[in-house]
Amino acid sequence: MVQLAKQLAKQLVGVIRVDLYSVLCVRDRAKAVEWFEVFFGRPADEIIGEEYLWQVGENAWVVVDDRDVRAERVGGAMITLGVNDLDDILARLAAHGIGHEPVETYRNGVRHVVLLDPDGNSLSLAEAPAQ
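Going by this note's numbering, the letters in the sequence shown line up with residues 3 to 133, in that order.
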């Protein structure tokens with residue numbers, strides 16, 4: 003059954019459009035939006051109702067949401083973003099007072115670092131080794 007599911011998934015690649023919305027639940031929208039503007043280096047790309055959205059790929063978004071209905075999920079998100087120029091990003095963030103955990107380098111050469119937003123949501127940055 004698993005093999006059949008894998009085959010079906012491969013067949014559907016390119017046939018079905020996939021949009022990804024990673025929702026980060028926060029307590030204080032103003033504080034979170036300010037932090038994420040620094041993190042992404044720009045204001046939100048869209049504001050839909052009470053949600054602030056940053057586009058991180060062609061069909062991929064990071065969403066900041068502080069609605070009461072999400073209160074029990076505050077601080078529970080974990081996402082990883084693939085980036086280029088990890089050192090430059092970390093330097094820019096440090097200049098704005100945003101720290102991070104130690105940078106790890108995996109056996110395959112990927113460099114990985116974890117940052118926490120003010121509510122404890124985990125945002126990891128991963129940089130593939132230079133080719």
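Backbone N, C-alpha and C fix where the C-beta goes; we use that ideal spot for every residue, glycine too.
Practice task
Grab me the residues of VAL25's own chain with a C-beta within less than 6 Å of its C-beta, minus the 5 sequence neighbours each way, in chain order.
Solution key: VAL65, ASP67
Problem - Where VAL40 sits in the DSSP three-state scheme - result: helix
Handout entry: Same chain, Cβ closer than 6 Å to GLY84, neighbours up to 5 away in sequence not counted
Key = ALA128
Practice task
Inspect the CB distances between the region 24-40 and the region 80-100 and report whether three or more fall short of 8 Å.
Solution key: yes
Handout entry: Euclidean distance between Cα positions of ALA73 and ASP121
Key = Spanning the two alpha carbons is a distance of roughly 11 Å.
Handout entry: Local conformation of ILE50 per DSSP, three classes
Key = ILE50 falls in the strand class under three-state DSSP.
Practice task
Check each candidate in VAL76, PRO104, GLY77, GLY78 and name the one with the smallest Cα separation from ASP89.
Solution key: Nearest option by C-alpha distance: PRO104.
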